[in-house]
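Residue numbers (this note's numbering): 9 to 86. In this text, a Cβ means the ideal position worked out from N, Cα and C, and glycines have one as well. Before any comments, here is the structure.
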């Protein structure tokens, strides 16, 4: 059985996820893609608590993603 898709904010730190889809407009999707977050990319959640920012590691790069943006990033645990 496959794991459910959830907003990035709902995933606990330490988990590895795969990006399923990006909500938002063209500029939002382009910005995240430029940072290395595109559909199918695997990355690890380093910090995700409360209404603050979420910190993820994509390859060797750490990214801080704001609460509003993190709500629009849909992922599945691997």
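Test item: CB-CB of residue i and residue j under 8 Å
i: residue 21; j: residue 54; result: yes
i: residue 24; j: residue 69; result: no
i: residue 44; j: residue 61; result: no
i: residue 39; j: residue 51; result: no
Opening and closing residue of the alpha helix (DSSP H) in which residue i lies
i: residue 78; result: 75 to 79
i: residue 16; result: Looking at the DSSP string, residue 16 is not in any alpha helix (DSSP H), and its letter there is neither H nor E.
i: residue 34; result: 34 to 42
Beta-ladder partner(s) of residue i, from DSSP
i: residue 65; result: 52, 70
i: residue 26; result: 50, 84
Whole-Å CB distance - residue i paired with residue j, under 8 Å assumed
i: residue 84; j: residue 28; result: 5 Å
i: residue 81; j: residue 34; result: Their Cβ separation, rounded to whole angstroms, is 15 Å, which puts residue 81 and residue 34 out of contact at 8 Å.
i: residue 78; j: residue 17; result: 5 Å
Chain C within 8 Å of residue i, Cβ atoms only
i: residue 38; result: No chain C appears in this structure, which consists of one protein chain only.
Enclosing beta strand (DSSP E) for residue i [first to last residue]
i: residue 47; result: Residue 47 -> no beta strand (DSSP E), and no H or E assigned at all.
i: residue 10; result: Residue 10 -> no beta strand (DSSP E), and no H or E assigned at all.
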